[in-house]
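Enquirer: Provided herewith is a single structure, encoded as structure tokens, for subsequent inquiry.
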Amino acid sequence: MNNKRFLVCLLSVIFFVAFALYSISKDIRLIGGVAEDYKDKKGRVWHSGQKEKQDWGGWVKKLPQTAAASVNDLTAAAKKKADDAGYDHQLFGAVSWAANPATVKYDLKTGNGLFNVTYMVREHWSPNNRGYDIIIEGDIVEKLYVTPGKGEIDIKEYKKIDISDGSMEVELKGNAATKKGDLNPMFSALEVLGQSGTAVGSAGKLTAIWGTIKQEFR
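Each residue of the sequence shown is one higher than the last, beginning at -16 in our numbering.
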């Protein structure tokens, strides 16, 4: 095998490995405060936030604590907000939480690409009096967050989270700067969705590069 052919073979291997890494991404959904996975009305599976070391990831550092309240106690406005966003009320029936200074932390095996993260929480225990930061990949995406009133919910979306090492770290951490009496962070549900076309876009770039490589060695 001459040097040129060997180099082409080597670059082929590198190309296809890179293609695989950029193409593999998956959506992940978590439900807090429950031991078992939950399938919603649309057939989507929400993994239990009380699990670790799953193929999709899991909690890290410390098992979150749990608390639950009846979804019947959600306000009419909260139920409408969930309905309008396409989420079952049941997603807001419980929470995974941590006693400050412990944090709620997850490592999610998303694969690579751009992702949109939706954070959902229901307040029941410390209405308008719970404060913490929402952190994704080490960046504070929601600083000094304060939960809503009793029976209310929040649904917040953070877009274009860029993942290049195959996993996403999500952490909730109490922050005294909120000046709230309860610094115990929590969540009801998390949804991580790959942005449409990002894997294709990355693959397209790699394909273009491969075309250039082939031209150079013809």
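All residues carry an ideal CB built from backbone N, CA and C; glycine is no exception.
1. Are ASP220 and ASP23 close, meaning C-beta to C-beta below 7 angstroms?
2. Taking DSSP's pairing of strands, which residues face TRP29 in a bridge?
3. What I want to know is whether the C-beta of VAL153 ends up closer than 6 angstroms to one or more non-hydrogen atoms of the ligand MG.
4. Based on Cα-Cα distance, which residue from GLU120, GLU125, ASP165 and TRP29 lies nearest to GLN73?
5. Let me confirm a value: ALA81 is counted as buried when at least 16 other C-beta atoms fall within 10 Å, else exposed. Which label applies?
6. Quick check: the Cα distance between LYS143 and SER150, rounded to an integer number of angstroms?
7. Cβ atoms of GLU106 and GLU125: under 7 angstroms apart, would you say?
8. Quick one: Cα of ALA77 to Cα of LEU173, how far?
9. Can you give me the start and stop residues for the beta strand (DSSP E) that ASP67 sits inside?
10. Out of TYR115, PHE98, LYS25 and THR93, point me to the one whose CA is closest to ALA68's CA.
11. Between LEU91 and GLY40, which are expected to be in contact by the criterion C-beta below 8 angstroms, what is the C-beta distance as a whole number of angstroms?
12. Just list the residues that DSSP pairs ASP145 with in beta bridges.
13. Leaving out five residues before and five after SER53 in sequence, what residues of the same chain have Cβ atoms less than 8 angstroms from its Cβ?
14. Nearest-angstrom Cα distance between ARG12 and ASN95?
15. In angstroms with no decimal places, state the Cα-to-Cα distance between ALA18 and VAL153.
16. So the beta strand (DSSP E) VAL129 belongs to, where does it begin and stop?
Expert: Based on what the coordinates show:
1. This structure does not reach residue 220, given that the chain is present from -16 up to 201, and the question cannot be answered.
2. Beta bridge pairing from DSSP links TRP29 with TYR21.
3. In terms of ligand content, the structure shown is empty, and the ligand MG therefore cannot be addressed.
4. Comparing alpha carbon positions, the residue from GLU120, GLU125, ASP165 and TRP29 closest to GLN73 is TRP29.
5. Within 10 angstroms of the beta-carbon of ALA81 lie 16 or more other beta-carbons, which makes it buried.
6. Separation of LYS143 and SER150 (C-alpha to C-alpha, rounded to the nearest whole angstrom) is 14 angstroms.
7. No. Outside cutoff.
8. Each residue's Cα considered, the two are about 13 angstroms apart.
9. Element bounds for ASP67: not the beta strand (DSSP E) but the alpha helix (DSSP H), 59 to 68.
10. Comparing Cα positions, the closest option is LYS25.
11. The pair is a contact, with the Cβ atoms about 4 angstroms apart (cut-off 8 angstroms).
12. LEU97, per the DSSP bridge assignment.
13. Cβ within range, chain order: GLY76.
14. Straight-line Cα distance between these residues: approximately 16 angstroms.
15. Going from the Cα of ALA18 to the Cα of VAL153 covers about 20 angstroms.
16. For VAL129, the enclosing beta strand (DSSP E) has its first and last residue at 122 to 129.
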